[in-house]
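J.:
Number of protein chains: 2
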Amino acid sequence: MNRLLILGALLLVGAAPAKKPPTPTDIVNAAPAGAWRTIPADDLMVMDLKSGGRVVIQLAPRFAPVHVANIKALARGNYWDGATIYRVQDNYVAQWGLNESDKPWPAGVTPKPPAEYTRPLKGLLITPLGHDDSYAPRAGFADGWPIAYSPKAGWANLAHCYGAVGVGRDLSPDTGTGGELYAAIAPLRHLDRNIAVVGRVIDGIANLSSLPRGTEALGFYKDKSLYVPIARIRLASGMPEGDRPAYEYLDTRSESFRAYLRVRANRKDDFYIRPAGGVDLCNVNVPVRKKP
Amino acid sequence: MNRLLILGALLLVGAAPAKKPPTPTDIVNAAPAGAWRTIPADDLMVMDLKSGGRVVIQLAPRFAPVHVANIKALARGNYWDGATIYRVQDNYVAQWGLNESDKPWPAGVTPKPPAEYTRPLKGLLITPLGHDDSYAPRAGFADGWPIAYSPKAGWANLAHCYGAVGVGRDLSPDTGTGGELYAAIAPLRHLDRNIAVVGRVIDGIANLSSLPRGTEALGFYKDKSLYVPIARIRLASGMPEGDRPAYEYLDTRSESFRAYLRVRANRKDDFYIRPAGGVDLCNVNVPVRKKP
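Those protein sequences? They're chains A and B, same order as listed.
Following numbering that gives the first Met the number 0, the residues of the first sequence are numbered contiguously, the last one being 291.
Following numbering that gives the first Met the number 0, the residues of the second sequence are numbered contiguously, the last one being 291.
1. Would T174/A be called buried (16 or more neighbouring beta carbons within 10 Å of its own) or exposed?
2. Could you tell me whether the region 260–267 of chain A touches the region 74–93 of chain A, using the rule of 3 or more Cβ pairs below 8 Å?
3. Please return the same chain residues whose Cβ sits closer than 6 Å to the Cβ of N284/A, not counting the five positions on each side in sequence.
4. What did DSSP end up calling L9/B once you bin it into helix, strand or coil?
5. Which residues in chain B sit within 7 Å of G277/A, going by Cβ to Cβ distance?
6. Is the shortest distance between the beta-carbon of L73/A and the beta-carbons of chain B less than 8 Å?
7. Since D222/B is in the beta strand (DSSP E), which residue starts that stretch and which ends it?
8. When burial is assigned at 16 or more other CB atoms within 10 Å of the CB, is E179/B buried or exposed?
9. Residues in the same chain with beta-carbon distance under 6 Å from A138/A, minus the five sequence neighbours each way, listed in chain order, please.
10. By Cβ distance, which residues of its chain are closer than 7 Å to R243/B, with the 5 residues on each side in sequence left out?
11. Go ahead and pull the three-state DSSP assignment for T24/B.
12. Let's see if you can read the secondary structure: which residues bound the beta strand (DSSP E) around A87/A?
13. If you reduce the DSSP assignment to three classes, tell me which class D47/B lands in.
14. Buried or exposed, going by whether 16 or more other CB atoms sit within 10 Å of the CB of L124/A?
15. In terms of residues, what are the limits of the alpha helix (DSSP H) holding S208/A?
16. Would you say Y91/B and A205/B are within 8 Å of each other, going by their C-beta atoms?
17. At a CB distance below 7 Å, what residues from the region 252–273 of chain B approach chain A? Give them in sequence order.
18. Is it buried or exposed, R309/A, if we count other Cβ atoms within 10 angstroms and call 16 or more buried?
19. Rounded C-beta distance between T37/A and E247/A? I'm assuming under 8 Å.
20. Start and end of the alpha helix (DSSP H) containing A69/B?
21. Sort A63/A, G51/A, F62/A, D47/A by Cα distance to A74/A and report the nearest one.
22. Give me the chain A residues within the contact set of P145/B, using Cβ-Cβ distance strictly less than 9 Å, ordered along the chain.
23. When the Cβ atoms of the region 144–164 of chain B are set against those of the region 184–202 of chain B, are three or more pairs found closer than 8 Å?
24. Determine the burial state of P151/B: buried for a count of at least 16 other Cβ atoms within 10 Å of its Cβ, exposed for fewer.
25. Pick from Y181/A, I194/A, G177/A, A183/A: whose alpha carbon is nearest that of S171/A?
26. Please classify N156/B as buried or exposed, where buried requires at least 16 other C-beta atoms within 10 Å of its C-beta.
27. Return the chain-ordered list of same chain residues with a C-beta closer than 6 Å to the C-beta of G277/B, the five sequence neighbours on each side being excluded.
28. Pull up the distance between the alpha-carbon of P110/B and that of V166/A, whole angstroms please.
29. Do the CB positions of V108/A and T24/A come within less than 8 Å of each other?
30. Does chain A have any CB closer than 8 Å to the CB of R192/B?
31. Say whether chain B places a C-beta atom closer than 8 Å to the C-beta of K289/A.
32. Given a threshold of 16 other Cβ atoms within 10 Å of its Cβ, counted over all protein chains shown, does A275/A qualify as buried or as exposed?
33. Is it true that the CB of H189/B sits closer than 8 Å to the CB of N282/A?
34. Check the Cβ of D250/A against every Cβ in chain B and list those closer than 7 Å, keeping chain order.
35. Would the beta-carbon of D80/B fall within 8 Å of that of R231/B?
36. Chain B partners of S209/A, CB-CB under 7 Å?
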């Protein structure tokens, strides 16, 4: 192991000489300050595990407004204090939360939200992926989010990429209230337009993806002794200003993002011999970072 | 949590009434014995971790013959006794092994194998995916493997889907010898045709995917105390007959597989409202099971 294997060396080549073809990371590092957009503190949900791990979720009020309003009401009401992660299914999801039979809803929760599985395409400023998508007529990016859409039918949906956060529900027409959430620990595009996606994990997903898998059907933990305790879930806007985490994403309408997208589809740095000439929506990974 | 959330309930509906649209699992359960193909014991590599976990890998000699011959020679020579998993990068790979500077190669190892990144398309009996692929002109299945291919250029490659096992290497033109291997714990299709894929994990991948992530660049563990010790890696053909695990896969040319593929792209069971009408190659998951 004393030979450094450079599989995936994109993270190491920031200092590569200027003549070499840029890596995606080179492009992100060179993006001007004006190409970054701050995520509002009221759209950041911070889950602290009792183990000390932290998971930060960006909420998407423009895509699932009623569900996101519910989730914000639950976070503001400290609803999830003492909740647990009770399901981790390999190559699928990590799921946590409480529901009304565990604890009554606080004020401001809509018990039966509408099926916010898509939203109107109109009003979104889209950067097209530029490659085919298996799950929708088109794929692309809007406001920093990976989305799928139909220009003809006029809908758009947040894509179930790695890290997507969705609302657990029973069989349709139930849509889930928002008290029980999951994070996709694999791309799950077949769930697109069948579940309310309310956000994505932007930091700390390894605190979910590396948890032991549940051994019961669908990855539920066998008994309560295995549940992973959550210390608290809060909105960043409800935390003392000095403690608030702050993040920004690369504007998906910026020249930097467009260059990043081209290079993601055409890797030519030293490790690669044959660029693909294409890329899956979920393999693009919109750059998100802590605010410097 | 006393409400059973059925997200991903495909595993539970084997007993659904006959009138309902079948789930993928229904089709697999109904496949006749003749639709299953036994995996040869000489193509099964069994990695036992000191923790007790087992990871079973199916090797693909038809796709990377020299690399697979190396790997078999290393396994037969007990080369990896005392090796470790030393790198786990989130949403990327788990990597293990030794190289020649750790321990001399046993007899039968080709130190500089050719770049077995593709093989001739000719000779493969292919079931097409039937949907677009972002990384190659075509995608489909051959001998139970997910593959990408070009009918025009005449090549085919094993696709980097979840569980794919590839050969760690330095910058090209190095191709890696086979002493250091990784398992993809995410789909990594951008690596297709840039690395020798030698097989896939068919059982126990959660023993890799749930390991703690390394905190160094590229997910390397910070120090040796964190390395995950491997007890031994053997071929099933080298194990006493009574101890050998045995697996079979659903013949990708069978009617059952074709029906399974159609349903994977068009989920209509109770949970789903809008079938996608398409599916990614890596979201099909060729059924593999322990031999009954």
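Built from N, CA and C at the ideal position, the CB exists for glycine as well.
Model, not experiment: these values are computed from the prediction.
T.: Considering the structure as presented:
1. buried
2. no
3. Sequence-distant partners of N284/A (beyond 5 residues in either direction) whose C-beta falls short of 6 Å from its own C-beta are missing from its chain.
4. Caution is warranted here: a pLDDT of 34 is assigned to L9/B, below 50, making its placement in the model unreliable, and the coordinate value is therefore given only provisionally. The answer is helix: DSSP assigns L9/B an H, G or I state.
5. S133, Y134
6. no
7. From DSSP, D222/B is part of no beta strand (DSSP E); its letter is neither H nor E.
8. buried
9. L128, D132, A147, L280
10. A40, A235
11. helix
12. The residue asked about is misnamed: residue 87/A is Val in this sequence, not Ala. From DSSP, the beta strand (DSSP E) with V87/A extends over 83–88.
13. strand
14. exposed
15. 205–208
16. For Y91/B and A205/B, no; Cβs fall outside 8 Å.
17. So the list reads R266, D269, F270, Y271, I272, R273, given in the order they occur along the chain.
18. Outside the shown range of chain A (0 to 291) lies residue 309/A, about which nothing can therefore be said.
19. Approximately 5 Å separates the beta-carbon atoms of T37/A and E247/A; this is inside 8 Å, confirming the contact.
20. Inspection of the sequence shows that residue 69/B is occupied by Asn rather than by Ala. Note, N69/B: alpha helix (DSSP H), 64–75.
21. D47/A
22. Those within 9 Å of P145/B in chain A number zero; the least Cβ separation is about 13 Å.
23. Yes: at least three Cβ pairs fall under 8 Å.
24. Looking at the sequence itself, residue 151/B is Lys, so the reference to Pro does not match. Exposed is the label assigned to K151/B, since fewer than 16 other Cβ atoms lie within 10 Å of its Cβ.
25. I194/A
26. buried
27. Once the five neighbours on either side are set aside, the close Cβ partners of G277/B are H130, A264.
28. 51 Å
29. no
30. yes
31. no
32. buried
33. yes
34. Within chain B, no residue comes near D250/A; the closest Cβ sits about 23 Å away, beyond 7 Å.
35. yes
36. S209, L210, P211, R212
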